[in-house]
Amino acid sequence: MSAGRYAQITGWGMCVPDHVVTNEDLACTVETTDDWIYSHTGIRQRCVAQGERDTTASLATRAGRNALLVADLMPSQLDLVIVATVTPEYAFPATACCVQDALGASKAGAFDLSAGCSGFLYGLSLATHLIRSGEANHILIIGSETLSRITDWKDRNTCILFGDGAGAVVMSACPQPCGIMATVLGSDGSGRDALVLPAGGSHCPPSIQTVSNGDHFIKMNGREVFRFASTIIPKATEDVVARAGWRASDVALVVPHQANARIIEAAAKRLNLPMEKFLVNIDRYGNTSSASIPIALCEAIDANRIRAGDKLVLVGFGAGLTWAAAAIEWGMPMPLKPQSAPRRLLANARFGYATLRSLVTRAFHRAYNGVLGPEGQENWRGHLRERVDRWRHAHITPRHKKE
Ligand code: UT7
5 MSAGRYAQIT GWGMCVPDHV VTNEDLACTV ETTDDWIYSH TGIRQRCVAQ GERDTTASLA
65 TRAGRNALLV ADLMPSQLDL VIVATVTPEY AFPATACCVQ DALGASKAGA FDLSAGCSGF
125 LYGLSLATHL IRSGEANHIL IIGSETLSRI TDWKDRNTCI LFGDGAGAVV MSACPQPCGI
185 MATVLGSDGS GRDALVLPAG GSHCPPSIQT VSNGDHFIKM NGREVFRFAS TIIPKATEDV
245 VARAGWRASD VALVVPHQAN ARIIEAAAKR LNLPMEKFLV NIDRYGNTSS ASIPIALCEA
305 IDANRIRAGD KLVLVGFGAG LTWAAAAIEW GMPMPLKPQS APRRLLANAR FGYATLRSLV
365 TRAFHRAYNG VLGPEGQENW RGHLRERVDR WRHAHITPRH KKE
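For the sequence shown, this note's numbering assigns the number 5 to the initial residue and increments by one for each residue that follows.
As structure tokens, this is what we get:
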């Protein structure tokens with residue numbers, strides 16, 4: 005760690021699909037009721053991705069743009085883009101690479117992070133250490149999910165819980181002692197069967213059999229995850245508060261992973277903190293996995309629940325099983341002064357240019373490969389001549405034959 009170098013959140017943004025599915029909508033397709041879902045989980049509705057417009061990468065890109073606008077940072081200033089997700093755009097390449105390209109973050113490295121619903125906080129912890137050690141100045145961390153695409157909409161045990169969305173933060177170096185003051189990361193892989201997507205990986209590659217068994221859908225032992233979460237949320241909170249050198253009573257706001265309102269209430273009771281100190285927005289979004297904490301953070305900021313100097317705890321748990329927490333001393337002046345209209349216009353023009361550049365570059369890649377074939381650049385003149393000759397032969401009738 006470099007002395008006098010800290011890492012703080014300077015930008016934040018979120019994006020959720022427009023399409024909303026209410027508990028009543030679900031009650032039309034599975035045997036459940038609004039009353040059961042709300043009393044057991046605290047959920048009233050969730051946002052669900054629609055068609056090609058809403059994918060993990062596109063939601064992440066929109067949330068990332070919003071975070072960059074707040075941070076007043078150019079995409080080219082980013083050193084790294086991290087996307088935490090359990091529903092990546094593809095198995096590979098990384099969703100983060102799609103986002104880096106769409107944003108025009110031309111100088112940034114990019115990778116995905118898989119740590120279940122704790123993924124965003126794992127990213128935050130890693131980014132803190134990269135910034136504090138001097139390896140990076142600005143990092144974009146995004147939690148983005150389209151869980152609706154791996155949800156069995158006929159399984160009432162799971163389909164009532166999950167929603168889609170993305171949340172992002174920009175983290176930057178700062179000289180004042182504020183920002184991320186401590187983090188805690190943990191995992192217990194022996195509990196991995198409690199929350200799993202059984203098929204599609206190396207253990208069980210996709211086949212007609214896996215699809216007909218529904219093994220490409222989330223499988224969950226709800227009671228086991230509930231028990232684990234109710235213990236680990238208070239423990240991780242206590243650990244990170246101790247690591248930061250604070251007392252629990254110093255904490256102004258806890259932003260927990262939004263998996264179940266009852267889990268949050270149980271944690272509040274164990275920590276002996278009033279529920280007013282917990283951000284709960286699960287009623288409108290359901291469980292959005294790695295996106296839930298950054299989305300909740302954005303909503304806390306919008307609702308003026310965070311002031312400069314406030315001590316916050318972000319805490320989550322998820323598939324793995326994993327858990328993570330971050331102790332944050334908020335460094336940004338709140339409420340933040342809105343950006344001037346011309347600056348905003350310029351930033352949006354930059355995003356527009358990045359989209360255009362991406363389209364043109366990818367079209368160029370396709371055309372280039374189409375002409376040269378798989379051999380790439382080797383002997384490209386020869387290949388080109390050969391292809392042109394073949395084309396001429398097929399399409400231009402030689403004069404002497406015409407005559
Ligand atoms: O990011 C981490 C992801 N996962 C979690 O955090 C999940 C944690 N677990 C939970 O949130 C809860 O365990 C659930 C909400 C999933 C389930 O609540 P529960 O109070 O643990 O219910 P249960 O599984 O013990 O089921 C109680 C009853 C069962 O009926 P029987 O066997 O007692 O007759 C279920 O079949 O409720 C039934 N049930 C439902 N009834 C109406 C289960 N799901 C539903 C439903 N509507 N959607």
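Glycine included, each C-beta is placed from N, C-alpha and C at the ideal position.
In the DSSP assignment, the residues bridged to I145 are I86, V173.
Not a single heavy atom of the ligand UT7 lies less than 6 Å from the C-beta of I237. Listed in chain order, the non-local C-beta contacts of F282 below 7 Å within the same chain comprise V258, P260, I268, A272, local neighbours out to five positions each way being set aside. Taken atom to atom, the span from the alpha-carbon of L117 to that of A398 is near 50 Å.
Residue pairing by DSSP puts I184 in a beta bridge opposite I332. The Cβ atoms of A53 and A172 lie no closer than 7 Å to each other. Note on geometry: alpha-carbon atoms of A186 and L30 lie some 41 Å from one another. Proximity to A351 across I47, N276, A109, M224 peaks at A109, based on C-alpha coordinates. In this structure, DSSP gives S110 a state outside helix and strand, which the three-state scheme calls coil.
Going by beta carbons, L189 and P238 fall outside the 7 Å limit.
Exclusion of T150 from the 6 Å shell around the ligand UT7 follows from its C-beta lying no nearer than that to any non-hydrogen atom of the ligand. In this structure, the ligand UT7 has no non-hydrogen atom nearer than 6 Å to the beta-carbon of T14.
Taking each of L360, G249, F221 in turn and checking the Cα distance to P202, the smallest one comes out for F221. It is roughly 12 Å from the alpha-carbon of G120 to the alpha-carbon of P92.
Unbroken beta strand (DSSP E) runs of no fewer than 3 residues, entirely contained in the region 266 to 342, are found at 315 to 322, 326 to 333, following chain order.
A distance below 7 Å separates the beta carbons of L316 and I332. The shortest CA-to-CA distance from S344 to any of Y42, A11, D76, A131 is the one to D76. The beta carbons of M224 and T162 sit closer together than 7 Å. Distance from the CA of D393 to the CA of I400, rounded to the nearest whole angstrom, comes to 10 Å.
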